[in-house]
Amino acid sequence: MNQTGYLILSISILVILLAVFIVSFILYKRTPLPKGCEKLKISEENCSACQNKGCEFYQKKDEEE
Amino acid sequence: MKREKGFTKRNFLKGILAENPLFVSILGTCPALATTKTVEAAIGMGILFTIVLVCSSILVSLLRKIISEEIRTPAYIVIIATFVTIVKMFTNAFLPELYLTLGVFISLIVVNCIVLGRAEAYASKNTVFDSLIDALGMGLGYTLAIITMAVFREILGTGAFSFGKIFTFIPYFKLQIIPKGYEISLFQNPAGAFIVFALILAVIAFIKNRKAELKSNLEKQEKIRKQQEAKMAAESSGGESK
Amino acid sequence: MMKILVTFVLAIISSMLIDNVVLSRFYGICPFLGVSKKVKSSLGMGLAVVFVIMLATLICWPLYQLLQLAGIAFMDTVAYILVIASLVQLVGLFIKKYSPTLYKNLGIYLPLITTNCAVLGVVQSNTDQALTFLDSIANALGTSIGFLIVIVLFSCIRVRLESANTPKAFKGLPIALIVAAIMALAFMGLQGLFSGINL
Chain A
1 MNQTGYLILS
11 ISILVILLAV
21 FIVSFILYKR
31 TPLPKGCEKL
41 KISEENCSAC
51 QNKGCEFYQK
61 KDEEE
Chain B
1 MKREKGFTKR
11 NFLKGILAEN
21 PLFVSILGTC
31 PALATTKTVE
41 AAIGMGILFT
51 IVLVCSSILV
61 SLLRKIISEE
71 IRTPAYIVII
81 ATFVTIVKMF
91 TNAFLPELYL
101 TLGVFISLIV
111 VNCIVLGRAE
121 AYASKNTVFD
131 SLIDALGMGL
141 GYTLAIITMA
151 VFREILGTGA
161 FSFGKIFTFI
171 PYFKLQIIPK
181 GYEISLFQNP
191 AGAFIVFALI
201 LAVIAFIKNR
211 KAELKSNLEK
221 QEKIRKQQEA
231 KMAAESSGGE
241 SK
Chain C
1 MMKILVTFVL
11 AIISSMLIDN
21 VVLSRFYGIC
31 PFLGVSKKVK
41 SSLGMGLAVV
51 FVIMLATLIC
61 WPLYQLLQLA
71 GIAFMDTVAY
81 ILVIASLVQL
91 VGLFIKKYSP
101 TLYKNLGIYL
111 PLITTNCAVL
121 GVVQSNTDQA
131 LTFLDSIANA
141 LGTSIGFLIV
151 IVLFSCIRVR
161 LESANTPKAF
171 KGLPIALIVA
181 AIMALAFMGL
191 QGLFSGINL
């Protein structure tokens, strides 16, 4: 393979990875919650030490407060 | 936009004390335990971490109106990973000793909850300048926290401070503090890292409890005093009416 | 053949016990401290991590060969985090759609697995040490099972700690960290387990 071939190959690998990630992320977000799980919340018992503000459940808790 | 006086200063200082990422929020514990064998390694880790945090905060804040709500997290992860790769390559080129000492923990800055957490919670909602100050404060707070841990571990574990092994541009020197043969090598082991972290957290909890106690005591005294005053007033008024 | 099998098993056991992820390599401390108050939740988290680490290793080893072929081996960290994050999302999608019970128990921890250092740490250290495919799998299996064992053991101890009479300043995390330190000491005793075996 020549230089251009390598370039195309490397860029396409990264673009495919990124596309898979974004598609899976959006699909995950758009899938409705299963029955009985609408009110999942972080609790003191389950994640006591973690204060990861990026976690979607943490954000839900913040909004409630 | 109107803002209170001293906002920037408080924004900077909150990362160091009130919202210290390691000791108060308990985030980023993995590198804090793994890279604190020597003060030098801790300083190196802190600097690399701060660079990644500052750069990603600035870029996230710049792009906050362009990135759509839906793909926020993926975009942030890619931004952070890119900066980590850049920092990794620079370290490998200019400070190979630091690169070897920290090893895989340079790459692990990507999954450090503090960086992603600050991007989501702060930089995505605030101006570039505010995000920069916030990131600087958080980075400095984290660096100081891991240096504190490293100071205890190095002095107790090896009995001496040594500099110049990782940052090779400063001449090597060693400062013996505890005489040879009296050091506790346990503190260089993984178990020592856990113990030091536990003790620091306990000291912080102790100070917090103490403050809360003092405050509640003061409130109690105030309450009693007020009750007594009310009683006296009632008595005196009652006496007058008689 | 026999020799390969023995080496494989020894590699698994050594990365599981002697060089334990949490207690000696310090990967994945966040979930180790955060999700260990109940035995049930720690078991769920541990199993999810085993699953994701195995899948990520299976995908990332061939991916690295491809990256090398394309001449962008330096992009490994970016590629790995993309793979891990999309894996977590896909597994989450699957659970969300087909198994509500599993989602009820694991849903909260799914976002945590992406930012779990253990997953990226294992994949990245496989690359940095230039391990073969078989060795990578052994390392991944040993590491993830080691994580599961340690987090379950730790949560069992923490349940007992709740009712113990600890000093006020040590309540909660500090005493848990002391317990982790004692566990690390115990696991340090396993060093030299294989010192008599020559291969």
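Chains as they are written, first to last, in my numbering: chain A, 1 to 65; chain B, 1 to 242; chain C, 1 to 199. Glycine included, every Cβ here is placed at the ideal spot set by N, Cα and C. Remember, it's a predicted structure, so these values are computed and weren't measured experimentally.
Rounded separation between residue i and residue j - CA only
| i | j | result |
| --- | --- | --- |
| residue 48(C) | residue 30(B) | 20 Å |
| residue 59(C) | residue 74(C) | 17 Å |
| residue 195(C) | residue 157(B) | 26 Å |
| residue 108(C) | residue 23(A) | 21 Å |
| residue 124(B) | residue 218(B) | 41 Å |
| residue 23(C) | residue 220(B) | 46 Å |
| residue 231(B) | residue 152(B) | 55 Å |
| residue 7(A) | residue 62(C) | 19 Å |
| residue 27(B) | residue 17(B) | 14 Å |
| residue 44(C) | residue 106(C) | 6 Å |
| residue 172(B) | residue 129(B) | 39 Å |
| residue 48(B) | residue 34(A) | 42 Å |
| residue 177(B) | residue 191(B) | 22 Å |
| residue 216(B) | residue 20(B) | 25 Å |
| residue 146(B) | residue 228(B) | 50 Å |
| residue 74(B) | residue 56(B) | 13 Å |
| residue 214(B) | residue 113(B) | 34 Å |
DSSP three-state assignment for residue i, whether helix, strand or coil
| i | result |
| --- | --- |
| residue 191(C) | coil |
| residue 174(B) | strand |
| residue 104(C) | helix |
| residue 154(C) | helix |
| residue 160(C) | helix |
| residue 28(B) | coil |
| residue 16(B) | coil |
| residue 167(C) | coil |
| residue 138(B) | helix |
| residue 126(B) | coil |
| residue 184(B) | coil |
| residue 6(B) | coil |
| residue 179(B) | coil |
| residue 189(B) | coil |
| residue 143(B) | helix |
| residue 143(C) | helix |
| residue 167(B) | coil |
| residue 19(C) | coil |
| residue 223(B) | helix |
Range of the contiguous beta strand (DSSP E) that encloses residue i
| i | result |
| --- | --- |
| residue 163(B) | 160 to 163 |
Within chain C, the residues that residue i reaches when beta carbons sit closer than 7 Å
| i | result |
| --- | --- |
| residue 31(A) | 93, 96 and 97 |
| residue 20(A) | 86 |
Residue burial classification, residue i (beta-carbon count within 10 angstroms, cutoff 16)
| i | result |
| --- | --- |
| residue 226(B) | exposed |
| residue 133(C) | exposed |
| residue 202(B) | buried |
| residue 117(C) | buried |
| residue 124(C) | buried |
| residue 298(B) | This structure cannot speak to residue 298(B), because chain B is shown only from 1 to 242. |
| residue 120(B) | buried |
| residue 182(B) | exposed |
| residue 207(B) | exposed |
| residue 40(B) | buried |
| residue 154(B) | buried |
| residue 85(C) | buried |
| residue 32(C) | buried |
| residue 4(A) | exposed |
N-terminal and C-terminal residue of the alpha helix (DSSP H) that residue i is part of
| i | result |
| --- | --- |
| residue 111(C) | 110 to 114 |
| residue 62(C) | 39 to 70 |
| residue 15(A) | 3 to 30 |
| residue 26(C) | No alpha helix (DSSP H) holds residue 26(C); DSSP gives it neither H nor E. |
| residue 96(C) | 76 to 98 |
| residue 88(B) | 72 to 94 |
| residue 62(B) | 39 to 62 |
| residue 118(C) | 117 to 128 |
| residue 68(B) | No alpha helix (DSSP H) holds residue 68(B); DSSP gives it neither H nor E. |
| residue 7(C) | 2 to 13 |
| residue 117(B) | 113 to 118 |
| residue 105(B) | 104 to 107 |
Distance cut-off 7 Å: residue i Cβ against heavy atoms of the ligand ZN
| i | result |
| --- | --- |
| residue 99(B) | This structure does not include the ligand ZN; it has no bound ligands of any sort. |
Contact set between residue i and chain B, taken where Cβ atoms lie within less than 8 Å
| i | result |
| --- | --- |
| residue 173(C) | 26, 198 and 201 |
| residue 26(A) | 70 and 71 |
Cross-chain neighbours of residue i in chain C, by beta carbon under 8 Å
| i | result |
| --- | --- |
| residue 48(B) | Those do not exist, as residue 48(B) stays about 13 Å from chain C at its closest Cβ, beyond 8 Å. |
Chain-ordered neighbours of residue i on chain B, where CB pairs are closer than 7 Å
| i | result |
| --- | --- |
| residue 125(C) | 104 |
| residue 27(C) | 30 |
Closer than 7 Å at the beta carbon, the chain A residues around residue i
| i | result |
| --- | --- |
| residue 138(C) | Those do not exist, as residue 138(C) stays about 26 Å from chain A at its closest Cβ, beyond 7 Å. |
| residue 74(B) | 21, 22 and 25 |
9 Å Cβ cut-off: residues of chain A touching residue i
| i | result |
| --- | --- |
| residue 78(B) | 18 and 21 |
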